[in-house]
Every structure is written in C-alpha cells, then in structure tokens.
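Here is the structure we will look at.
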Amino acid sequence: MEKIKKTTEFLKEKTGFTPEAGIILGSGLGGLIKSIDVKHSFEYSDIPNFPVSTVEGHDGKLIFGLLDGKKVVAMQGRFHYYEGYSMQQVVFPIRIMKMLGITHLFLSNAAGGLNRSFRVGDLMIIKDHINMFPDNPLKGKNLDKLGTRFPEMGEAYSRDLIEKAKNIAESNNIKYHTGVYVGSSGPTLETPAEYRMFRILGADSTGMSTVPEVIAARHTGLTCFGISVITNMAVFDEGEIGTSHDEVQNAAGEAEPKMTLIFRELIKNL
22 MEKIKKTTEF LKEKTGFTPE AGIILGSGLG GLIKSIDVKH SFEYSDIPNF PVSTVEGHDG
82 KLIFGLLDGK KVVAMQGRFH YYEGYSMQQV VFPIRIMKML GITHLFLSNA AGGLNRSFRV
142 GDLMIIKDHI NMFPDNPLKG KNLDKLGTRF PEMGEAYSRD LIEKAKNIAE SNNIKYHTGV
202 YVGSSGPTLE TPAEYRMFRI LGADSTGMST VPEVIAARHT GLTCFGISVI TNMAVFDEGE
262 IGTSHDEVQN AAGEAEPKMT LIFRELIKNL
C-alpha cells in the first residue's frame, strides 16, 4: 500500500487529473492513443515503482488525456508474468488507476483463436475467462483498503457493456464473436495438445495477459470490458504451421480500428 500511495501521489501531483476510465492496450493495438487528446505522458521508467515493459509492440507509456470528452488514463503497453514480474507487479498499474479515480477498465489483447469458426482479424468480446496462470495477484495478505478477501467473479466482464458493444458492432457492420478467453503464463505458445485441452475446457481464445488484470480490477470494484483481437488461429493438429510474433502484430494492426471504434463509443457513453 505504501508503494501504491507513493505512485498515486506522484501522478496526481504531476497531472492534477482524475480519469473516469482506464484503458490497457495489447500487442499491436496501440492505435487508440492517436484518438486521445494527450494532456500528460509518462515513460514507465519515470514513474516510481512502475515496472518497464520489455516486449516488442508495447511502447511503455502511461497516457492521460481526453477521449471524446471523457478523461482517461491509458497504458500503452502492459506487463506480463512471463517477463519475470511478480503478479503484484503485473497488476500494480490497475491498482494505481483505481486510486487515481477510474470506475471502468477497458482491456484489449492479441489472442489465438481456439474456436474453429473464428478467423484471423476477428474481434471476440470477452464474456468470461479461465485462469491457467500458476499464480494469483491476490495471493498473500489482503489489501483491505482495495477490496475484500474473497472477491466475487460471477460477472468479471460487465454484461451491460457487452450488450452495448454488440449493438455498436452491429450498427457499424463490424463482425464480432463473444467467447471465453483462457489466460496462461507463456512465453511459449501452446502445444497442439494444450490447444485441444483449452478447447475442451470451453475456451474460444487464448493469450498471456488480461486475466490477472481483471482479477485485480474486480477486487477493487472496477467494471471491466475486454476484447480479444484474433491474430492467429491456434494449432490443433501436429504438422500445422505456428505463428510468429510479427504475424501477430500485423493482424492486430489490421483489426485495431474496429476495436478502437467500439472502445470509443463505449467510453463516450459512460
């Protein structure tokens, strides 16, 4: 809590800004920043206690500004468990955004498609998740000032925002799916057997982020909405060709404008 307090005070003093919504942008999905009227921008390395993103496609900036008249704070690049950070470090920015004043958290990720009806470039509105990480950000002594010891996860992703997002997509002729996202530690991509296991468990997309962030956000009472951009189709059969990080970023870049439109419309009408 002392680290959270110190970092929050630093950002409040520097910005005098009380954001309404927080945004986390995944690999190749940073284009939304161009739509923000930026008031303040910080390199992660300049923020006390912040980790530093080490992944290509994650720029590593915390942005404060106006998006269609709404005050927002956006992470341009997130932190991943596979980078060697503890779960507490991975979710540290979510707790900071909560303390800064946000009530809603919007998350995006680049994900592998498990559902055979999906295609590269599709959007999947996340309706639920499966946690396959070997750790939990709430493990250890509970931070009572942030939330309860046993937070409810029955509605991890806001049903109201999901319905609004569907209407926005349909009104703009954007193809979308709704589905379950499974998060695991990485950094290796899954084996064919693991992909099949995830599919049997009921997952529609897979990635290495989002789940810890949503757990921490729900712990603090934040309302969450998430979109997976399907950047590759998961391998199911031995002998099929896998996916490179460059291919993931290229596919994300092509789908990003559709995701941005949905995020902007949702945030505009909070």
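For the sequence shown, this note's numbering begins at 22 and goes up steadily by one.
In this text, a Cβ means the ideal position worked out from N, Cα and C, and glycines have one as well.
This one's a predicted model, so the numbers in the text were calculated from it and none came from an experiment.
- Of the residues Ile-248, Ile-151, Gly-122, Tyr-197, the one whose Cα lies closest to the Cα of Arg-220 is Ile-151.
- Just measuring C-alpha positions, the residue of Glu-23, Ser-48, Glu-34, Phe-31 sitting nearest Asn-253 is Ser-48.
- Within 10 angstroms of the beta-carbon of Asn-130 lie 16 or more other beta-carbons, which makes it buried.
- Close CB contacts of Thr-241 within its chain, under the 8 Å cut and outside five residues either way in sequence, are with Ile-115, Arg-116, Lys-119, Leu-167, Gly-168 (chain order).
- With a cut-off of 8 Å on Cβ pairs, the segment 146 to 166 is in contact with the segment 96 to 113, counting three or more such pairs.
- In the displayed model, Val-235 falls within a helix according to three-state DSSP.
- In the structure shown, Lys-55 adopts helical secondary structure according to DSSP, grouped into three states.
- A straight line joining the alpha-carbon of Asp-225 with that of Phe-100 spans about 23 Å.
- At a cut-off of 3 residues, the continuous stretches assigned as beta strand (DSSP E) that sit fully inside the segment 98 to 173 are 125 to 134, 144 to 152.
- Annotation: Ile-195 to Asp-89 spans about 21 Å, alpha carbon to alpha carbon.
- Between the C-alpha atoms of Tyr-216 and Tyr-178 there is a straight-line separation of about 23 Å.
- Less than 8 Å separates the beta-carbon of Gly-228 from that of Gly-204.
- Between Lys-279 and Leu-83 the beta-carbon gap is near 25 Å, outside 8 Å, which marks them as no contact.
- In this structure, DSSP gives Ala-95 an extended state, which the three-state scheme calls strand.
- Secondary structure at Ala-272: helix, using DSSP grouped into helix, strand and coil.
- Excluding residues up to 5 positions away in sequence, Ser-206, Gly-207, Pro-208, Met-229 lie with their Cβ nearer than 8 Å to the Cβ of Tyr-103 in the same chain.
- Note that the C-beta distance between Thr-39 and Leu-126 is not below 8 Å.
- If you ignore the 5 residues before and after Ile-236, its C-beta comes within less than 6 Å of the C-beta of Pro-158, all in its own chain and listed in chain order.
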